[in-house]
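Numbering (the numbering used here), first residue to last: 34 to 668. Every residue, glycine too, gets a C-beta built ideally from N, C-alpha and C. Since this is a predicted model, take the numbers as computed values, not measurements. As structure tokens, the structure follows; a few thoughts come after it.
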């Protein structure tokens, strides 16, 4: 840990002021009404130093009009309020590379950060969700991609982007529930808690702490929702990226964001700053041995990327049971969408705010589903050492029951469109606001692209459940299980995906359908086509690392699916609409072409031989025939 040279003025005293306090100068540019909140966020860290016997280790001084010092002066640590219109906050520091001593730190807070919290994305797209979760890059399979991105610097903190979405979500919820006098505004209580949380986070960086994306998994939803515990930490650390905690209507609202440091923050400060009189290594080892205790789990940036396995290491997830929280968020979205227009748009206004709120709510629905999907093939990761207190093995496969629960939730919710009001789509007008901060994709269509939006989100979920790493981890989990232990197997998973995506074919009812009310909806048809492309990849374009069993199992299940399609098409008492009949006929043809296609070199690397991993060589692409129209290259 990088750290300040913090020493007691009186080493023999149990409690002593430091020789040199960590002093932050709050620039006079900070709005007067926000200064108490900023001060509180900075001074909150004194609670951790108090336990170590430091009295007022972190000090805040207000810049006066007559002060002439320059904020760029390395002798001054500053909290700066700037107007770059970029909507960010960060806490960089300068460190002696030979000793790790922090020499200077400045927290930079853009004024537009607060203003941007009051604006919303017009189209909260799959790429925007991926960017917030750091899932925007395809899963790497080749050398430089695996190693080049694993870097970290405190100046890279991207908390602001997610906070913009969280506040947009809060604004949409408050408006839809009629909780604010002026629609689109956020309550002062919300803004104060959000601001303090971000300040605590950025100060943590300047004290040497890194992100801890496991911290939000410390408490249950019931514990976090208890208003009587408002002054207690709701998460293990303020160094996580935390979502707003909004409870269902009719429930008393607890704090929106944690208001104080968590147990991990106190523990990390103890490790970095405790005064040790004797054997320092032995004392530090004693402190570190607590890593298995509740609230001290740690997972940072390089543990929270696209191909990392721990489903509890996420940005903007919440609670010890993210599946339950995701279910609550998706239910919240479904409850708000039907009332969106009447609650977000007032007489005399345009409908732009309705589009903004709709995009944010749809994005929240599928962002929540992404957290659920991570449990399938998931592996819990722990940093405990042998002999630590409450030590756990480094890896533990997610329980089979949890994986099944995750798959069930995806089948029942993520694989279906949210429950919006169809008439509202005609009122989702664009602001036509064009500038460098608006993605070009959000301006391509004046009307809302509902089919493309839902399809893109669902494609991302399917990609997670069927990629080669997920399939490989599921099969590896079978080998790691003890005899008699319940296991979520690869056959169970692949069959569950196919049966949930094509559930309409399990037991087709008797009846008559038409093109206005088709048997298989347009959203489900798109989902099924996407799934067939993914299955075609598994069969005919296997990625390096994909289990061979996944390929042969998928072939078998596609044969079974083809038989179900034939049965539905030939069912005498089921009169299908043209949409469904054409879709099933096309799907049957796609399956036939996949099963008849030839595939060679199932994921073997170039150069022949032992199938090793080549950092500098090119990976051989599987040679396939007649497949591009059925299974175009997938990321």
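9 Å or more divides the Cβ of residue 133 from the Cβ of residue 240. The DSSP-derived three-state label of residue 397 is helix. Each of 211, 526 and 219 was checked against the Cα of residue 379, and the nearest Cα belongs to 211. Around the Cβ of residue 197, a 10 Å sphere holds 16 or more other Cβ atoms; the residue is buried. Boundaries of the beta strand (DSSP E) harbouring residue 92: 91-95, taken from the DSSP string. Within the DSSP secondary-structure output, residue 288 pairs in no beta bridge. With fewer than 16 other Cβ atoms inside 10 Å of its own Cβ, residue 42 counts as exposed. When secondary structure is reduced to three states using DSSP, residue 348 falls in the coil class, being assigned neither helix nor strand. Scanning the segment 582-640 for uninterrupted beta strand (DSSP E) segments of 3 residues or longer gives nothing; none is fully contained. Nearest to residue 376 by C-alpha distance, out of 390, 444, 488 and 364, is 390. Residue 362 and residue 52 have their C-alpha atoms some 49 Å from each other. With distances taken between CA atoms, residue 590 lies nearest to 525 out of 323, 525, 543 and 612.
Under DSSP, residue 114 shares a beta bridge with 142.
If you ignore the 5 residues before and after residue 448, its C-beta comes within less than 7 Å of the C-beta of 491, 533, 534 and 560, all in its own chain and listed in chain order.
For residue 456 and residue 371, the gap between their C-alpha atoms comes out near 10 Å. Of the candidates 406, 55, 287 and 483, 287 places its Cα closest to the Cα of residue 261. Every unbroken stretch of the alpha helix (DSSP H) spanning 4 or more residues and falling wholly within the segment 474-535 is given here in chain order: 483-499, 501-513 and 523-534.
Boundaries of the alpha helix (DSSP H) harbouring residue 236: 221-239, taken from the DSSP string. For residue 558, the three-state secondary structure derived from DSSP is helix. Burial is judged here by how many other beta carbons sit within 10 angstroms of a residue's own beta carbon; residue 431 has at least 16 and is buried. Take residue 302, set aside five residues on each side of it, and the residues of its chain with a beta-carbon closer than 6 Å to its own are 81, in chain order. Runs of the alpha helix (DSSP H) spanning 4 or more residues and lying entirely within the segment 41-110 occur at 68-76 and 79-83, in chain order. Going by beta carbons, residue 450 and residue 404 fall outside the 9 Å limit.
With 16 or more other Cβ atoms from the protein chains shown falling within 10 Å of its own Cβ, residue 406 counts as buried. Counting along the chain, the unbroken beta strand (DSSP E) around residue 429 starts and ends at 428-430. In the displayed model, residue 256 falls within a helix according to three-state DSSP. DSSP places residue 462 outside both helix and strand once states are collapsed to three, so it counts as coil. Beyond the five residues adjoining it in sequence on each side, residue 452 comes within less than 8 Å, by CB distance, of 367, 370 and 371 in the same chain, given in chain order. DSSP places residue 366 in the uninterrupted alpha helix (DSSP H) bounded by 355-369. For residue 440, the enclosing alpha helix (DSSP H) stretches over residues 433-442. In this structure, the alpha-carbon of residue 76 lies about 16 Å from that of residue 272.
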